[in-house]
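Chemist: In my numbering, the protein residues as written are 1356 to 1646. We treat Cβ as the ideally placed atom computed from N, Cα and C, and that holds for glycine. Source: prediction; values computed, not measured.
See the structure below:
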């Protein structure tokens, strides 16, 4: 009798999850959002696998390739120096992630401290800097890079984005979540400023640090406009800028090559996100405690 009652008690019922109509609408919305976000990438992947005799666009084009082949990827690696582009993008990403982690972490830590003058002014300036789009300061940035002699240099691609205001605010929010009583106890134990920062604040902000790392990686890897302005020679092109050459007439404007290049450029981002997605979502939630 008890077993039967227990089984009946834990049998899922429709009212536990909502009405059937509401469930249908919910899943349809989820499928719609999934189609918008994942659909273009899947279409690019399937289009890049089509053979030379299959249409990518037009009324006769099919979604699934009839004879899947990797010839488009082979042609991309044969016609453009993809590994040189990957090396350049990797250099920019390493510089960007390193500078963002160092400066945003230190700046966020200082902004979380209430005991120094000018903190509110710096806070206001950071918030104000986020209101201006990159296009509005693009010309002045280029003139500064030109005066520094960094045109057609990877350092000129990295320097304008060595620290971002949004990352400073994320780190500040993570540090503000640390209880003040814990820091007071560490001070009573004789821990100095650097020791408290290293052993108390940094371990509690690993989620936010991962968020900053992923955001910086994606923005630096996918950036196209600023490298297009700064770089001149092909040996210095980043991956997104170099693969954009596949759309030129010199390569016959083969849509399969363009799709293959797009897939190649997005693979590292997908790998990073799949590996770190669990910690990324935890970091987003922990960084939203006190903004």
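Taking the alpha helix (DSSP H) that residue 1406 belongs to, which residues open and close that run?
Modeler: Counting from 1 along the chain shown, the entry for residue 1406 is found at position 51. Here residue 1406 belongs to no alpha helix (DSSP H), and DSSP marks it neither H nor E.
Chemist: Can you tell me which of the three DSSP states residue 1482 falls into?
Modeler: Taking the first residue of the chain shown as position 1, residue 1482 is located at position 127. Residue state, collapsed to three classes: helix.
Chemist: For residue 1582, which of 1618, 1558, 1464 and 1516 has the nearest alpha-carbon?
Modeler: Indexing the chain shown from 1 puts residue 1582 at position 227. It is 1516 whose Cα lies nearest to the Cα of residue 1582.
Chemist: Rounded to the nearest angstrom, how far is the Cβ of residue 1459 from that of residue 1518, given a contact under 8 Å?
Modeler: On the chain shown, residue 1459 is found 104 positions in, with the first residue counted as 1. On the chain shown, residue 1518 is found 163 positions in, with the first residue counted as 1. Sure, about 6 Å apart at Cβ, within 8 Å.
Chemist: Report the rounded CA-to-CA distance for residue 1642 versus residue 1565, giving the unit in angstroms.
Modeler: Sequence index remark: in the chain shown, residue 1642 carries index 287 (1-based). Sequence index remark: in the chain shown, residue 1565 carries index 210 (1-based). Its pLDDT being 46, under 50, residue 1642 is placed unreliably by the model, and the measurement read from it follows with that caveat. Rounded to the nearest angstrom, the two C-alpha atoms are 11 Å apart.
Chemist: Kindly provide the ranges of any alpha helix (DSSP H) runs that are 4 or more residues long and lie completely inside the region 1535-1560, ordered along the chain.
Modeler: 1535-1543 and 1548-1551
Chemist: Quick check on DSSP: helix, strand or coil for residue 1589?
Modeler: Position 234 of the chain shown, counted from the start, is the residue given in the question as residue 1589. Of the three classes helix, strand and coil, the one that applies to residue 1589 here is helix, per DSSP.
Chemist: The alpha helix (DSSP H) spanning residue 1426 covers which residue range?
Modeler: What you label residue 1426 is simply residue 71 of the chain shown in a count that begins at 1. Counting along the chain, the alpha helix (DSSP H) containing residue 1426 begins and ends at 1426-1434.
Chemist: If we count the other Cβ atoms within 10 Å of its Cβ and call it buried at 16 or more, is residue 1417 buried or exposed?
Modeler: Against the chain shown, residue 1417 aligns to sequence position 62. Burial call: exposed.
Chemist: Report yes if the CB atom of residue 1611 is closer than 8 Å to the CB atom of residue 1468, and no otherwise.
Modeler: Looking up residue 1611 in the chain shown gives position 256. Looking up residue 1468 in the chain shown gives position 113. Not a contact, by the Cβ cut-off of 8 Å.
Chemist: How is residue 1644 classed by DSSP in three states: helix, strand or coil?
Modeler: What you label residue 1644 is simply residue 289 of the chain shown in a count that begins at 1. With a pLDDT of 42 at residue 1644, under the threshold of 50, the modelled position of this residue cannot be trusted, and the question is left open.
Chemist: Kindly indicate which residue of 1561, 1537, 1563 and 1562 has the alpha-carbon position closest to the one of residue 1551.
Modeler: Counted from its first residue, the chain shown places residue 1551 at position 196. If you compare the alpha carbons of 1561, 1537, 1563 and 1562 with that of residue 1551, the shortest gap goes to 1537.
Chemist: How far does the alpha helix (DSSP H) with residue 1513 in it reach, from first residue to last?
Modeler: As a first step, residue 1513 must be located in the chain shown, where it is residue number 158. Start and end: 1509-1513.
Chemist: Any idea if residue 1390 is buried or exposed, counting beta-carbon neighbours within 10 angstroms, 16 or more meaning buried?
Modeler: Here the question's residue 1390 lines up with position 35 in the chain shown. Classification of residue 1390: exposed, given that the 10 Å Cβ count is below 16.
Chemist: Assuming contact is defined by CB atoms lying nearer than 8 Å, are residue 1473 and residue 1526 in contact in what I supplied?
Modeler: In the chain shown, residue 1473 corresponds to position 118, counting from 1. In the chain shown, residue 1526 corresponds to position 171, counting from 1. Contact flag unset, no.
Chemist: Tell me which same chain residues have a C-beta within less than 8 Å of the C-beta of residue 1400, skipping the five on either side of it?
Modeler: Here residue 1400 refers to the residue found at position 45 when the chain shown is read from its first residue. Cβ neighbours of residue 1400 beyond the five flanking positions: 1614 and 1618.
Chemist: Please state the DSSP three-state secondary structure of residue 1381.
Modeler: As a position in the chain shown, residue 1381 is number 26, starting the count at 1. Here residue 1381 sits in helix by DSSP.
Chemist: Using the Cα positions of residue 1569 and residue 1556, report the straight-line distance between them to the nearest angstrom.
Modeler: In the chain shown, the residue the question calls residue 1569 occupies position 214. In the chain shown, the residue the question calls residue 1556 occupies position 201. The straight-line gap from Cα to Cα measures roughly 20 Å.
Chemist: Taking all protein chains shown into account, do 16 or more other C-beta atoms lie within 10 angstroms of the C-beta of residue 1578, making it buried, or fewer, making it exposed?
Modeler: Numbered from its first residue, the chain shown carries residue 1578 at position 223. Counting other Cβ atoms within 10 Å of its Cβ, residue 1578 reaches 16 or more and is therefore classed as buried.
Chemist: Using CA atoms only, rank isn't needed, just tell me which of 1479, 1489 and 1383 is closest to residue 1523.
Modeler: Translated into positions along the chain shown, residue 1523 becomes position 168. Closest option to residue 1523, Cα to Cα, is 1479.
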